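In what follows, a structure is listed as structure tokens, so that the remarks can point back to it.
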Amino acid sequence: MSVLFDHNLCNSCKGQDEPFCVKYCPGDLLAIDGKTGKPYIRNEADCWDCMVCVKSCPFGAIETRLPYPLACYKASLKPRVLKDRIIWYLKDLNGKEEVFEIKTLE
Numbered sequence: 036m037s038v039l040f041d042h043n044l045c046n047s048c049k050g051q052d053e054p055f056c057v058k059y060c061p062g063d064l065l066a067i068d069g070k071t072g073k074p075y076i077r078n079e080a081d082c083w084d085c086m087v088c089v090k091s092c093p094f095g096a097i098e099t100r101l102p103y104p105l106a107c108y109k110a111s112l113k114p115r116v117l118k119d120r121i122i123w124y125l126k127d128l129n130g131k132e133e134v135f136e137i138k139t140l141e
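Every number in this note's numbering is 35 more than the matching position in the sequence shown, counting from 1.
Here you go:
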């Protein structure tokens, strides 16, 4: 999958030591661009698609693009993490969106 950052939504988790996406990436694949102060992925080929960065972003500024063999280039999958559930937004290549809601353990 491809990790995409919406830098208009991202504020690099101001007030934190580092952005949550960078802090929680288990592969240490994210870094901060020295010029913009915004996160980026060092090498997408190393990403194993755990989506921790996407789920940890409090601003919804990160999404993933599904691999072409699964869904073509325009498809995307984006979660919204709430206290008691995760809502998944799946968009297919024609722009049709489906929503799935999964309750989390408390």
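Cβ coordinates follow ideal geometry from the N, Cα and C atoms, glycine included.
All values reported here derive from a predicted model rather than from experimental measurement.
C-alpha gap between residue i and residue j, whole angstroms
i      : j      : result
ASP68  : ASP52  : 15 Å
HIS42  : PRO74  : 9 Å
ASP127 : GLY50  : 36 Å
LEU117 : LYS70  : 32 Å
GLU136 : ILE122 : 4 Å
ALA80  : GLY62  : 12 Å
LYS58  : CYS92  : 11 Å
CYS60  : GLY130 : 29 Å
ARG120 : LYS90  : 11 Å
VAL39  : ASP84  : In the sequence as displayed, the identity of residue 39 is Leu instead of Val. Roughly 12 Å between the two C-alpha positions.
GLY95  : THR139 : 18 Å
CYS45  : GLU133 : 25 Å
ALA66  : GLU98  : 16 Å
ARG77  : LEU112 : 21 Å
ILE114 : LEU125 : In the sequence as displayed, the identity of residue 114 is Pro instead of Ile. When rounded, the distance between both Cα atoms is 9 Å.
ALA110 : MET86  : 16 Å
DSSP bridge partner residues for residue i (one or two, in chain order)
i      : result
LYS138 : ARG120
ALA66  : TYR75
GLU132 : LYS126
Rounded distance between the beta-carbons of residue j and residue i, thought under 8 Å
i     : j     : result
LEU64 : CYS82 : 6 Å
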